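Engineer: What follows is a structure written as structure tokens; I'll ask about it next.
Residue numbers (the working numbering), protein chains in the order written: chain F, 1 to 128; chain A, 1001 to 1133.
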């Protein structure tokens, strides 16, 4: 998706996709906060991204050719959780913090896409 | 994974907590019931939650079973009670009101956490819809 929209939009879209996916993981942790034996999960995107970037650095075509929405997120067990007597590792306070953080970041990406489109609209309309 | 997947998961959490709440209410309501259809005093019930694979790594929650607590309740001395044995003792339900109240607070908080998650998801969906307005 290049052309008049540029690369920023597709990158922001993949950021929104990531936050949507992470929202699902957080919701699943909160829903299972009382399930015995449930292990909290976390998406590690940053690591995945840096891995992608290291590979890309060897060849300039890697970055431009990668499908932004096709990024695979790594879902793993949350390593910093406490374990209760029922061996459930969900820390509800932490999940709620992650929930609002993720919510804000998603909205921020949406806001930036909005700003981008507004600027484009402004340019198309021109000075009247 | 679309906008509503996370909402479905939180809804499953709310449903499970509501079932738990119903069971707790039943325990509290029957805290003094000495006669049941199966005979003997009421036995407190407990819900068992189970993780339910939803979609890839996401999992919702469901109530697998509602089980009876097999422990024995207190025997109290009440010779006038029609359910008293020959020594004048009545076997009471094994419901501990304090325990039920603590479980109730836990269920309420978990329910609230799930509603907060749904609120966030709704706001996110609205934000996405407002792009390009």
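Backbone N, C-alpha and C define an ideal beta-carbon position, used for all residues, glycine too.
Computed from a prediction, not measured in an experiment: that's the story for all the values here.
Would you mind listing the beta strand (DSSP E) stretches within the region 1022 to 1080 of chain A that are 3+ residues and don't spill past its ends, in chain order?
Structural biologist: If we require 3 residues or more, the beta strand (DSSP E) runs fully inside the region 1022 to 1080 of chain A come out as 1045 to 1055, 1058 to 1068, 1075 to 1077.
Engineer: Report yes if the CB atom of residue 1110 of chain A is closer than 8 Å to the CB atom of residue 28 of chain F, and no otherwise.
Structural biologist: No. Outside cutoff.
Engineer: Are the beta-carbon atoms belonging to residue 1094 of chain A and residue 1080 of chain A less than 8 Å from one another?
Structural biologist: No.
Engineer: Strictly under 8 Å for the Cβ-Cβ distance: is residue 34 of chain F near chain A by that measure?
Structural biologist: Yes, residue 34 of chain F lies at the interface with chain A (some Cβ there is under 8 Å from its Cβ).
Engineer: Look at the Cβ atom of residue 15 of chain F, then the Cβ atom of residue 1128 of chain A, and state whether they are nearer than 8 Å.
Structural biologist: Against a cut-off of 8 Å, the Cβ pair of residue 1128 of chain A and residue 15 of chain F comes out as no contact.
Engineer: Among F/87, F/93, F/101, F/36, which one has its Cα closest to the Cα of residue 23 of chain F?
Structural biologist: Nearest C-alpha to residue 23 of chain F: F/101.
Engineer: Who are the neighbours of residue 1051 of chain A on chain F, taking C-beta pairs under 8 Å?
Structural biologist: Going along chain F in sequence order, the residues near residue 1051 of chain A (Cβ under 8 Å) are 32, 35, 37, 38.
Engineer: Measure the C-alpha to C-alpha separation of residue 1067 of chain A and residue 87 of chain F and round it to an integer number of angstroms.
Structural biologist: Distance between the alpha carbons of residue 1067 of chain A and residue 87 of chain F is about 20 Å.
Engineer: So, at 8 Å on beta carbons, what are the nonlocal neighbours of residue 1119 of chain A in its own chain, with the 5 sequence-adjacent residues on each side left out?
Structural biologist: Result list for residue 1119 of chain A: empty, nothing under 8 Å.
Engineer: Which chain A residues are close to residue 24 of chain F, counting only those with a beta carbon under 7 Å from its beta carbon?
Structural biologist: 1001, 1005, 1006, 1009, 1058, listed in chain order.
Engineer: Determine, using beta carbons only, whether residue 1040 of chain A and residue 1091 of chain A come nearer to each other than 8 Å.
Structural biologist: In contact: residue 1040 of chain A and residue 1091 of chain A (Cβ atoms closer than 8 Å).
Engineer: Assign residue 1058 of chain A to buried or exposed, taking buried as 16 or more other Cβ atoms, counted over all protein chains shown, within 10 Å of its Cβ.
Structural biologist: The residue is buried, with at least 16 neighbouring Cβ atoms inside 10 Å.
Engineer: Pull up the distance between the alpha-carbon of residue 1049 of chain A and that of residue 90 of chain F, whole angstroms please.
Structural biologist: When rounded, the distance between both Cα atoms is 14 Å.
Engineer: Determine the DSSP secondary structure at residue 1133 of chain A, reduced to helix, strand or coil.
Structural biologist: Looking at residue 1133 of chain A - three-state DSSP - the assignment turns out to be coil, as it is neither helix nor strand.
Engineer: Looking only at its chain, what residues have a beta carbon closer than 6 Å to the beta carbon of residue 113 of chain F, apart from the 5 residues adjacent to it on each side?
Structural biologist: Hits under 6 Å: 12.
Engineer: Could you check whether the Cβ of residue 41 of chain F sits closer than 8 Å to any Cβ belonging to chain A?
Structural biologist: So, interface residue.
Engineer: Do residue 1084 of chain A and residue 1021 of chain A come within 8 Å of each other at the CB atom, strictly closer than that value?
Structural biologist: Against a cut-off of 8 Å, the Cβ pair of residue 1084 of chain A and residue 1021 of chain A comes out as no contact.
Engineer: Would you verify that the beta carbon of residue 1131 of chain A is, or is not, closer than 8 Å to some beta carbon of chain F?
Structural biologist: Judged by the 8 Å Cβ criterion, residue 1131 of chain A is in contact with chain F.
Engineer: Please report the Cβ distance between residue 1069 of chain A and residue 1043 of chain A, rounded to the nearest whole angstrom; I am assuming they are in contact, meaning their Cβ atoms lie under 8 Å.
Structural biologist: Right, their Cβ atoms sit about 6 Å apart.
Engineer: What residue from F/38, F/73, F/120 has the CA that sits closest to residue 20 of chain F's CA?
Structural biologist: Measuring from the Cα of residue 20 of chain F, the nearest candidate turns out to be F/73.
Engineer: Roughly how many angstroms separate the alpha carbons of residue 125 of chain F and residue 103 of chain F, rounded to a whole number?
Structural biologist: Approximately 33 Å between the Cα atoms of the pair.
Engineer: Kindly indicate which residue of A/1133, A/1132, A/1122 has the alpha-carbon position closest to the one of residue 1002 of chain A.
Structural biologist: When each option's Cα is compared against that of residue 1002 of chain A, the closest is A/1122.
Engineer: Can you tell me the Cβ-Cβ gap for residue 77 of chain F and residue 33 of chain F, rounded? I've got them flagged as a contact below 8 Å.
Structural biologist: Between residue 33 of chain F and residue 77 of chain F the Cβ distance is about 15 Å, and since that is not below 8 Å, they are no contact.
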